[in-house]
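Quick note: the sequence shown uses this note's numbering, first residue 25, plus one each step.
Using N, Cα and C, we set each Cβ at its ideal position, and we do this for glycine too.
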Amino acid sequence: MRRILESYPGSEQDDRGPENRGYRTSDFPDIQDLIGNRTEPAVEAALGNQSGNYNINPTFGQGAISDIPYIPIERTDETTTTQSGIYVVYLFDPDKKRLYLTLNQGSAEAMRTSSRSGVGPTAATILERHAERYREIIDVPNGFTAKQAELSSELNRSEVYNSGTVFVKEYSPDDLSSTGAVVGDLVTAVETYDHFLDTLYATPEFDIGSKGVWTISPEGGEYWPTWVENEFASIGWSVDDIPESPDSPTGDRTQDSERQIYNFQHEIETGDIIVAGSRVNSIDVPYGIGRVTASFDEFPDVKGVETHDDIAANVDSREFEHSQFIGVDWVTVGTVDPDGGVSVNCLKPDKELFHQWTVHEFEPSLDHFIGALSRRMEVADIAYDVEDTINDFVETLEVERVDDKYGNGKEIPEEDGVEDDGVDIFDEWQAERSSVIETSDDDIELPELVFTQDQKTRLLNRIQSALENGKHVILTGPPGTGKTKLAREVARHYVDENHEMVTASADWSTFDTIGGYRPETDRSLEFHPGVFLDRFMTDEEGTPANEWLIIDELNRADIDKAFGALFSALTGETIRLPFDGKNERPVTLVGDPTDTEVSSLDSNHYFIPPDWRLLATMNTYDKTSLYQMSYAFMRRFAFIPVSVPTAEDIEEDLIQEYAKAWFGTTVPEETANITAELWRTINEVRTIGPAIVRDILAEVRGGDSTDYTDALIMFVMPQLEGLPKTKQRDFPEKVGSVNEDDIDVVDTGQLKQFARDYFEVEFSDENGS
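Structure follows, in structure tokens:
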């Protein structure tokens with residue numbers, strides 16, 4: 025290795041040529057002999073009897089020489105290439121004349137993940153985040169450092185090698201003079217590598233019982249959104265393709281269509297597990313994992329039709345050509361589109377997890393695969409927490425998790441000194457109270473909120489039905505539709521003033537929502553609950569509380585980052601948080617207090633009562649420009665639209681009804697008519713709700729003249745932010761159409777001037793006209 029390091033040409037040498045084409049491997053017979061013939065047996069000799077467990081394939085390029093020659097040591101059940109998985113590798117830096125012995129990661133899956141729809145971090149960032157998580161698990165051996173390698177930036181692939189480094193030891197040529205020390209370092213690195221992989225893949229561990237696990241490709245991802253939307257999986261071969269006697273179909277499972285149709289129609293059973301994925305540019309990309317809710321024979325009955333052709337006919341997609349279906353409850357991985365999903369390394373015997381059109385048994389270990397997938401989702405900003413993501417899969421797939429470890433492989437601490445006296449104290453507290461939802465018989469009152477009778481009835485029925493069925497509620501709609509006031513009135517109806525309202529922020533993290541350590545006056549750190557946990561406890565003795573929470577503008581928060589463990593808790597899971605309470609026991613969030621061993625009222629136990637609800641609002645104009653909500657988050661909620669009145673309903677009578685509710689009196693007939701006409705006109709450009717109309721009326725009703733110019737500038741035109749320039753430019757003339765021959769209620773010149781200043785819109789002449 026010292027001879028390679030000293031003789032290998034550096035990148036600064038002019039005659040290397042572009043992309044190293046000036047040097048060929050055949051130009052360096054001595055290096056070729058050292059790397060191609062002598063390093064592999066030398067490494068095998070250093071590892072002794074264990075060498076057969078590893079793939080050792082030193083290289084310095086094929087044809088043109090590479091910038092960084094390397095010697096990989098890959099455990100064969102993890103990877104057989106430096107492009108994927110985790111491995112030990114020597115990396116040579118010919119510019120610095122330094123050798124790095126590292127535990128490293130392949131970059132191919134990280135690069136593929138970073139290119140998938142909805143994934144923000146770069147490949148280098150994904151690798152760095154994985155390395156940080158791995159360092160929390162691993163005991164870095166003496167002599168090694170938990171940091172990146174420092175390969176010269178001028179060398180091709182140096183960034184991904186540096187970013188992927190978990191731990192490293194650096195050698196100068198002189199450091200390589202002691203063969204015994206170098207061999208000892210290698211043996212130590214490989215032993216640590218083995219222990220790390222065993223620890224990493226020990227969790228999660230599932231008992232899936234008799235469930236079968238299958239993989240099906242949604243036509244390379246093309247049909248994935250249709251599968252999720254319709255909660256099914258499908259294949260496109262004709263039913264006639266199945267042989268008359270299909271009890272023992274023959275042929276290779278990935279090539280024989282008869283075998284695959286037979287699997288789909290006869291082998292896949294209700295309760296089985298489906299892994300949806302495709303092979304994309306030689307990389308395995310899973311889109312989601314789901315539980316079969318209805319087999320091939322059962323699904324038409326579930327859909328209320330006679331045949332599979334009837335199901336296909338009802339699919340809302342002109343380009344969907346599949347004709348055979350099974351029902352599936354999916355957990356998605358990333359965004360729901362053909363370019364979604366992430367890529368992971370999880371070897372099976374022929375090295376490919378997915379094929380383009382096959383239906384076959386899923387060969388890797390399901391728990392190993394879900395663990396790797398959950399870790400990749402976290403570092404790719406698709407999910408917030410590994411444990412919560414794993415538990416989402418457990419819940420939907422209806423499998424039993426049997427390991428007693430966190431996702432980082434560390435044992436969950438026991439609550440020493442806590443004895444179970446057999447008294448379910450939370451149940452006693454719950455027995456002394458009635459459900460605020462079940463005992464609510466009166467109609468919800470909506471003072472200062474005006475809806476048409478049909479709209480009010482439909483809206484309240486949806487809210488009450490969702491709450492009674494255990495759902496939390498998100499009210500959606502344009503600005504000014506009264507979502508926030510409606511949420512408050514709903515909370516008051518059920519729990520009076522026993523609720524809290526907060527406004528979401530992009531800066532939110534679990535520190536704000538769940539809680540975290542804060543310094544005390546004596547400089548010690550103590551756990552303080554965040555806005556969620558604070559709703560569930562009345563005092564320091566641990567007396568439960570049922571204080572509903574309203575979150576205004578929910579999607580202004582980075583949902584996965586801010587909500588963390590609440591995901592699992594909202595579905596009835598008991599979550600031990602990574603904090604200790606005042607009693608030095610783990611802080612625990614109990615999602616279903618009636619079905620858990622954690623029942624004692626304690627200052628570190630936060631119980632979510634069965635009748636506690638989260639109400640939230642979401643401005644639909646923000647939903648594409650702010651943070652997106654993951655499917656795992658959305659399925660905890662009922663989304664209820666709060667719409668504006670139709671153009672047919674916006675008349676003088678409706679404006680007068682609003683005015684009486686808002687101001688206790690009507691407005692002049694002319695004002696009501698102009699306001700109605702303006703509202704209808706504004707909605708043709710940007711839909712606004714009644715609250716903005718209230719601001720307009722409040723501005724004009726007390727004046728001597730009916731001039732709407734100031735009201736439009738102050739309350740309406742800022743709502744045009746984000747619209748195309750053409751709509752912003754046309755708006756002044758559009759609303760100016762309400763002006764009559766004898767009276768102008770809108771000064772279009774002032775509106776144009778505002779548009780020029782605020783939106784930087786250019787008009788056809790310098791006067792803004």
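Which residues mark the beginning and the end of the alpha helix (DSSP H) in which Met741 is found?
Here residue 741 is taken as the residue at index 717 of the sequence shown, counted from 1. Taken as a continuous stretch (DSSP letters only), Met741 belongs to no alpha helix (DSSP H), as it is neither H nor E.
Could you say which of Ala213, Glu174 and His346 lies nearest to Ser258 if we only look at CA atoms?
Along the sequence shown, read from residue 1 onward, the residue named residue 258 stands at position 234. For the residues Ala213, Glu174 and His346, the minimum Cα distance to Ser258 belongs to His346.
Specify, as a first and last residue, the run of the beta strand (DSSP E) that Asp604 falls within.
In the sequence shown, residue 604 corresponds to position 580, counting from 1. From DSSP, the beta strand (DSSP E) with Asp604 extends over Thr598 to Asp604.
According to DSSP, which residues form a beta bridge with His794?
The question about residue 794 has no answer here: the residues shown for the chain are numbered 25 through 793.
Is DSSP giving Val357 helix, strand or coil here?
Taking the sequence shown and counting its residues from 1, the one referred to as residue 357 is at position 333. Coil.
Under the rule that 16 or more other beta-carbon atoms within 10 Å means buried, what is Asn287, buried or exposed?
Numbered from its first residue, the sequence shown carries residue 287 at position 263. Buried, by the Cβ-count rule.
Taking the straight line between their C-alpha atoms, what separation do you get for Gly204 and Pro388?
Here residue 204 refers to the residue found at position 180 of the sequence shown. Here residue 388 refers to the residue found at position 364 of the sequence shown. Distance between Gly204 and Pro388, taken at the CA atoms: about 39 Å.
Could you give the residue range of the beta strand (DSSP E) that holds Lys193?
Counting from 1 along the sequence shown, the entry for residue 193 is found at position 169. Taken as a continuous stretch (DSSP letters only), the beta strand (DSSP E) holding Lys193 covers Phe191 to Tyr195.
Taking the Cβ atom as the reference point for each residue, do Ser131 and Val192 lie within a distance shorter than 8 Å?
For the purposes of this step, residue 131 is taken as residue 107 along the sequence shown, with counting starting at 1. For the purposes of this step, residue 192 is taken as residue 168 along the sequence shown, with counting starting at 1. It is not a contact, given that the beta carbons lie outside the stated cut-off.
Cutoff 7 Å; reference Ile28; Cβ partners in own chain excluding five residues on either side:
Your numbering for residue 28 matches position 4 in the sequence shown. Excluding the 5 residues flanking it on each side, Ile28 has same chain C-beta neighbours closer than 7 Å at Ile55, Leu58, Ile59, Pro93 and Phe116, in chain order.
Expected contact under 8 Å - CB spacing of Arg99 and Tyr217 to nearest Å:
The residue given as residue 99 occupies position 75 in the sequence shown. The residue given as residue 217 occupies position 193 in the sequence shown. That belief holds up - the Cβ atoms of Arg99 and Tyr217 are roughly 7 Å apart, short of 8 Å.
Could you spell out the range, first to last residue, of the alpha helix (DSSP H) harbouring Met525?
Looking up residue 525 in the sequence shown gives position 501. Met525 -> not in any alpha helix (DSSP H); beta strand (DSSP E) instead, spanning His523 to Thr527.
With a threshold of 8 Å on Cβ separation, who are the neighbours of Glu513 within its own chain once the five nearest residues in sequence on each side are excluded?
Mapped onto the sequence shown, residue 513 falls at position 489. Counting only residues of its own chain and dropping the five nearest sequence neighbours on each side, Glu513 has a CB closer than 8 Å to the CB of Ile468, Glu469, Leu470, Pro471 and Leu473.
Going by other Cβ atoms of all chains shown within 10 Å of its Cβ, with 16 needed for buried, is Arg580 buried or exposed?
On the sequence shown, residue 580 is found 556 positions in, with the first residue counted as 1. By the neighbour-count rule (16 or more Cβ atoms within 10 Å), Arg580 is buried.
Counting along the chain, where does the beta strand (DSSP E) carrying Glu385 start and finish?
Here residue 385 refers to the residue found at position 361 of the sequence shown. Following the DSSP letters along the chain, one finds Glu385 inside the beta strand (DSSP E) bounded by residues Val383 to Glu385.
If Gly188 sits next to Ala155, beta carbons under 8 Å apart, how far is it from one beta carbon to the other, in whole angstroms?
Position 164 of the sequence shown, counted from the first residue, corresponds to residue 188. Position 131 of the sequence shown, counted from the first residue, corresponds to residue 155. Confirmed, about 7 Å.
Between the Cα of Gly34 and those of Leu397, Ser138 and Lys121, spot the shortest distance and give me the residue it belongs to.
Translated into positions along the sequence shown, residue 34 becomes position 10. Nearest Cα to Gly34 within the set Leu397, Ser138 and Lys121: Lys121.
Helix, strand or coil at Ile292 according to DSSP, with G and I counted as helix
Your numbering for residue 292 matches position 268 in the sequence shown. The three-state secondary structure of Ile292, taken from DSSP, is coil.
Can you give the Cα-Cα distance for Ile414 and Lys585, rounded to whole angstroms?
As a working note, residue 414 is residue 390 in the sequence shown. As a working note, residue 585 is residue 561 in the sequence shown. A direct Cα-to-Cα measurement between Ile414 and Lys585 gives close to 16 Å.
Judging by CA-CA distance, which residue of Arg659, Met658, Val526 and Gly760 is the nearest neighbour of Thr705?
Along the sequence shown, read from residue 1 onward, the residue named residue 705 stands at position 681. Nearest option by C-alpha distance: Gly760.
With respect to 7 Å, is the separation between the Cβ of Ile335 and the closest non-hydrogen atom of the ligand ADP below this value?
The ligand ADP is not among the ligands present in this structure, which contains no ligands whatsoever.
Measure from the alpha carbon of Ile538 to the alpha carbon of each residue in His523, Val555 and Val526, then state which is nearest.
Your numbering for residue 538 matches position 514 in the sequence shown. When each option's Cα is compared against that of Ile538, the closest is Val555.
Please report the Cβ distance between Glu521 and Leu573, rounded to the nearest whole angstrom; I am assuming they are in contact, meaning their Cβ atoms lie under 8 Å.
As a first step, residue 521 is located in the sequence shown; it is residue number 497 there, counting from the start. As a first step, residue 573 is located in the sequence shown; it is residue number 549 there, counting from the start. That belief does not hold up - the Cβ atoms of Glu521 and Leu573 are roughly 13 Å apart, past 8 Å.
Could you check what DSSP says for Gly275 in three-state terms: helix, strand or coil?
Taking the sequence shown and counting its residues from 1, the one referred to as residue 275 is at position 251. Reliability fails at Gly275, whose pLDDT of 48 lies under 50, so the model's placement of it is uncertain and the value that follows must be treated cautiously. Correct three-state label for Gly275: coil.
Cα-Cα separation, Arg136 to Gly713
Taking the first residue of the sequence shown as position 1, residue 136 is located at position 112. Taking the first residue of the sequence shown as position 1, residue 713 is located at position 689. If you draw a straight line from the Cα of Arg136 to the Cα of Gly713, it comes to about 43 Å.
Taking C-beta to C-beta, are Gly301 and Asp308 nearer than 8 Å?
By one-based count along the sequence shown, residue 301 stands at place 277. By one-based count along the sequence shown, residue 308 stands at place 284. Yes, Cβ-Cβ distance for Gly301 and Asp308 is below 8 Å.
By the three-class DSSP mapping on this structure, what secondary structure does Glu422 have?
Translated into the one-based positions of the sequence shown, residue 422 becomes position 398. Residue state, collapsed to three classes: coil.
Gly773 - DSSP class collapsed to helix/strand/coil
In the sequence shown, residue 773 corresponds to position 749, counting from 1. Here Gly773 sits in helix by DSSP.
Should the region 207-217 be called in touch with the region 347-367, which here means at least 3 C-beta pairs below 8 Å?
Contact between the region 207-217 and the region 347-367 is absent, because fewer than three Cβ pairs lie under 8 Å.
Could you compute how far the alpha carbon of Gly351 sits from the alpha carbon of Ile297?
Sequence index remark: in the sequence shown, residue 351 carries index 327 (1-based). Sequence index remark: in the sequence shown, residue 297 carries index 273 (1-based). The straight-line gap from Cα to Cα measures roughly 11 Å.
Closest by C-alpha distance to Trp238, when choosing among Gly295, Gly328 and His496
Against the sequence shown, residue 238 aligns to sequence position 214. Scanning Gly295, Gly328 and His496 for the CA closest to the CA of Trp238 turns up Gly295.
Own chain partners of Ile679 with C-beta closer than 6 Å, once the 5 adjacent residues on each side are dropped
Sequence index remark: in the sequence shown, residue 679 carries index 655 (1-based). Within its own chain, the residues whose Cβ lies closer than 6 Å to the Cβ of Ile679, once the five positions on either side in sequence are excluded, are Ala696, Thr699 and Ala700, listed in chain order.
If you run the structure through DSSP and keep just helix, strand and coil, what is Ile172?
Here residue 172 refers to the residue found at position 148 of the sequence shown. The displayed chain sequence assigns Gln, not Ile, to residue 172. In the structure shown, the three-state DSSP call for Gln172 is coil.
Cβ shell of Asp276 (< 6 Å), same chain only, five flanking positions each side left out
Working through the sequence shown from its first residue, we reach residue 276 at position 252. The predicted position of Asp276 is uncertain, since its pLDDT is 46 and thus under 50; a value taken from the coordinates is nonetheless stated next. Same-chain partners within the cutoff: there are none.
I'd like the span of the alpha helix (DSSP H) that includes His154, first residue to last.
Residue numbering aside, residue 154 sits at position 130 when the sequence shown is read from its first letter. Its alpha helix (DSSP H) spans residues Ala147 to Ile161.
Bounding residues of the alpha helix (DSSP H) (the contiguous stretch that carries Leu483)
Position 459 of the sequence shown holds residue 483. Residues Gln477 to Glu492.
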